[in-house]
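Undergrad: Here it is, the structure in full.
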Amino acid sequence: STGGKDIPLIIMSKPSIKSYRDLKDDKRIVIYIQANIHAGEVEGKEAVQMLARDILLKETPDYLRNVVLLICPIFNADGNEQISKLNRTNQNGPVNGVGVRHNGQMLDLNRDAMKVETPEVRGMITNILNKWDPSIMLDLHTTNGSYHTEPLTYTWMMNGNTDRVLVNYMRDKMAPWLKKTITEKYSTPNVFYGEFRDMRDPGKGWDSYAFEPRYIVNYIGLRNRLSLLNENYVYADFKTRVLGCYSLLKGVLDYAYANKDEIKKMLADADKRVIARGMNPAEKDSFAVEFVNTPTPESEIINAYEMESYKDANGRDRLRPSDRVKQVTVPYFADYFPKRSVKFPYAYIITVPDARVVDLLKTHGINIEKLESATTLEVQTIKTKELKPSARLNQGHYNNTIKVEYINEKKEFPAGSLVIRTGQRLANVAAYLLEPETDDGLLLWNYWDKYLVPQWGGAFLPYPVSKVLKFTDIKSKPF
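For what it's worth, the numbering used here labels the leading residue of the sequence shown as 797, then goes sequentially.
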């Protein structure tokens, strides 16, 4: 961590393995559970230790026969040490206080999956995702929002560029199975995670969380793997929250234990699809840069507290929960679909081999090549027409938005220009980073700033990435 603290990882397996290298040809499924990313949201770090203990003491069923389990009980090691009773005062325990949301850099680790500015997230990507390649990931949190009786909530990956087969599998099969099993087998009331669109009128809908891949669960989805966001109900007492989280962990292990072969084949097929698309993109192949959130096919049933109005000490109208509970059936807004898309290319050509950009792409595990010699290519170049920073800082950045014009032309690229082919497993991550109009790319996080605005004058420079739209014989070598 920034503060020099080690971030622990528990590896549970039988027979025992000490390295990801031991997984070659292994038929077990790898699951990674991450707790305490926000160190005030503390149920997960207790529940994962209970889980590890109980697997070793009881082991019924024999989970480790089919599962290799990776557990990080304290991901935000620096925030974890800043325990105070003044942190998260709306939270119902523990009585001696909790840590803080941010890490040692004052950054939110659950907004860092794409820009990777923290050692914690860099370590997770390079040492867990790129090496162990877990099929399922769980990220454990505590809610901040709506009032209901269910102590446990959770949901799946949301980004609209995620392989739809994986999203539908989570939405239609795995998550409903978990809901039923956790209710009946583990006696824990639960609903899919969200917040009421209007607390005065719950029937308007139940909103899931945001879709950007800066959120780790969404990022995992872009990598063609399954992921679950756990949010334990902040107003339940501490013990109830811990036990609810524990029930979810057991449910996921039950499901993975019984369905490992199906899951592994589905993920392998998703990898094949994304690689095949990039090897020879069709005219219809596209990549979304704007999304619309629509209700899932099934509504959600929630036991909600009825709200009542009151005036605070300053005479302002406020809402608070009453002691009356009403069961409501509401649309669940958790299906993000493309609203506006751009053409998905065969390759991206980067004309400025910026060291920070290269490091970020390699950190994600994206394959980079470089042109062996000067090469003329049919490309889509990107003209910058307008560039605006946000009015307020976000995670230390004035986030950019851009207006562009796409121009099809022949262009000569110098030897050494970087080539990012999309016929690779992480093509969706690469596209999200390199497309200028995405909500979580290099442009938004200021990686290209110095290349877009000249020292003098009011014009803009061209976007330093071009797109090769169709299959092309590009002479390049690994970089």
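For each residue, glycine too, the CB sits at the ideal point set by N, CA and C.
Buried or exposed: where does ILE827 fall if 16 or more other Cβ atoms within 10 Å of its Cβ makes it buried?
TA: buried
Undergrad: Going straight from the alpha carbon of ASP1236 to that of SER1262, what length do you get?
TA: The C-alpha of SER1262 is placed about 18 Å away from the C-alpha of ASP1236.
Undergrad: Shortest alpha-carbon distance to ILE1071 belongs to which of ALA1226, ILE1098, TRP1002, ASP1119?
TA: ALA1226
Undergrad: Can you find the residues in the same chain that come closer than 7 Å, C-beta to C-beta, to TYR816, ignoring five residues on each side of it along the sequence?
TA: LYS927, TRP928
Undergrad: Note down the Cα distance separating LEU1265 from ILE1016, rounded to an integer number of angstroms.
TA: A straight line joining the alpha-carbon of LEU1265 with that of ILE1016 spans about 26 Å.
Undergrad: Tell me ALA1100's beta-bridge partners as DSSP assigns them.
TA: HIS944, LYS1122
Undergrad: For the putative contact between SER797 and ILE803, defined by C-beta atoms under 8 Å, what is the C-beta separation to the nearest angstrom?
TA: 6 Å
Undergrad: Which full runs of the beta strand (DSSP E) of 3+ residues lie inside the stretch 945-1007, going along the chain?
TA: Correct list: 948-952, 986-988.
Undergrad: Determine the DSSP secondary structure at VAL910, reduced to helix, strand or coil.
TA: It is Met, not Val, that sits at residue 910 in the sequence shown. Three-state result, MET910: coil.
Undergrad: Is the beta carbon of ASN899 less than 9 Å from the beta carbon of GLY919?
TA: no
Undergrad: Please name the residue, chosen from VAL1154, ALA1170, TRP1241, GLN1123, that lies closest to ASN1163 on a Cα-to-Cα basis.
TA: VAL1154
Undergrad: Mind checking who ARG1116 pairs with in its DSSP beta bridge?
TA: In the DSSP output, where bridge partners are listed per residue, ARG1116 has GLU1104.
Undergrad: Counting only the same chain and skipping the five closest in sequence on each side, list residues whose C-beta sits under 7 Å from that of GLY970.
TA: It should be pointed out that residue 970 corresponds to Met in this sequence rather than to Gly. Answer for MET970: TYR1051, listed in chain order.
Undergrad: Contact between the stretch 886-899 and the stretch 831-841 is defined here as three or more beta-carbon pairs at a separation below 8 Å; is this criterion met?
TA: yes
Undergrad: Please classify ASN1028: does DSSP put it in a helix, a strand, or coil?
TA: strand
Undergrad: With C-beta atoms as the reference, is LEU948 less than 9 Å away from PRO985?
TA: yes
Undergrad: Can you check the stretch 1149-1176 for any alpha helix (DSSP H) of at least 4 residues that lies completely inside it and give the ranges in chain order?
TA: 1151-1160
Undergrad: Can you give me the C-alpha to C-alpha distance between GLU1058 and LEU1222, rounded to a whole angstrom?
TA: 21 Å
Undergrad: For MET846 versus VAL1048, is the C-beta spacing smaller than 9 Å?
TA: Their beta carbons are not under 9 Å apart, which means MET846 does not touch VAL1048 by this criterion.
Undergrad: Could you pull the start and end residues of the alpha helix (DSSP H) that GLU842 belongs to?
TA: 839-853
Undergrad: If distances are taken between C-alpha atoms only, which option among VAL864, LEU974, MET966, GLU1231 comes closest to SER1043?
TA: LEU974
Undergrad: From the DSSP output, read off the bridge partner residues of CYS868.
TA: GLN830
Undergrad: Kindly identify the DSSP beta-bridge partner or partners of ALA894.
TA: Here residue 894 is Val; the residue named in the question, Ala, does not match the sequence. Answer by DSSP bridge pairing, in chain order: SER880.
Undergrad: Start and end of the beta strand (DSSP E) containing PRO1274?
TA: 1272-1274
Undergrad: Could you tell me which residues DSSP puts in a beta bridge with ARG1217?
TA: ALA1143
Undergrad: Mind checking whether ASN1089 and PHE1007 have CB atoms under 9 Å apart?
TA: yes
Undergrad: Rounded to whole angstroms, what's the CA-CA distance from PRO1232 to ALA1211? Just pull it up for me.
TA: 23 Å
Undergrad: Nearest-angstrom Cα distance between THR1125 and PRO1091?
TA: 13 Å
Undergrad: State the start and end residues of the unbroken beta strand (DSSP E) segment that holds ALA1211.
TA: Counting along the chain, ALA1211 falls outside any beta strand (DSSP E), and DSSP gives it neither H nor E.
Undergrad: Which residue or residues does DSSP assign as beta-bridge partners of SER1082?
TA: LYS1139
Undergrad: Out of curiosity, what's the CA-to-CA distance linking TYR859 and TYR1053?
TA: 6 Å
Undergrad: So SER1272 packs on VAL1200, CB below 8 Å; how close in whole Å?
TA: Beta-carbon to beta-carbon, SER1272 and VAL1200 are separated by about 25 Å, too far to satisfy the 8 Å threshold.
Undergrad: Can you give me the Cβ contacts of PRO1009 inside the same chain, cut-off strictly under 7 Å, excluding the 5 residues immediately before and after it?
TA: ALA909, MET910, ASN955, TYR1015, LEU1018, TYR1228, ASP1236
Undergrad: Cutting at 7 Å between CB atoms, please list the residues of its own chain near GLU916, excluding the five before and the five after it.
TA: SER797, ILE803, PHE871, ASN872, ASN899, LEU905
Undergrad: To the nearest angstrom, report how far apart GLU842 and LEU865 are at their CA atoms.
TA: If you take the alpha carbons of GLU842 and LEU865, they lie about 16 Å apart.
Undergrad: Let me make sure I understand the geometry here. Which of ARG907, GLU1205, GLY1253, GLY799 has the alpha-carbon closest to that of GLN901?
TA: Comparing Cα-Cα distances from GLN901 to each of ARG907, GLU1205, GLY1253, GLY799, the minimum goes to GLY799.
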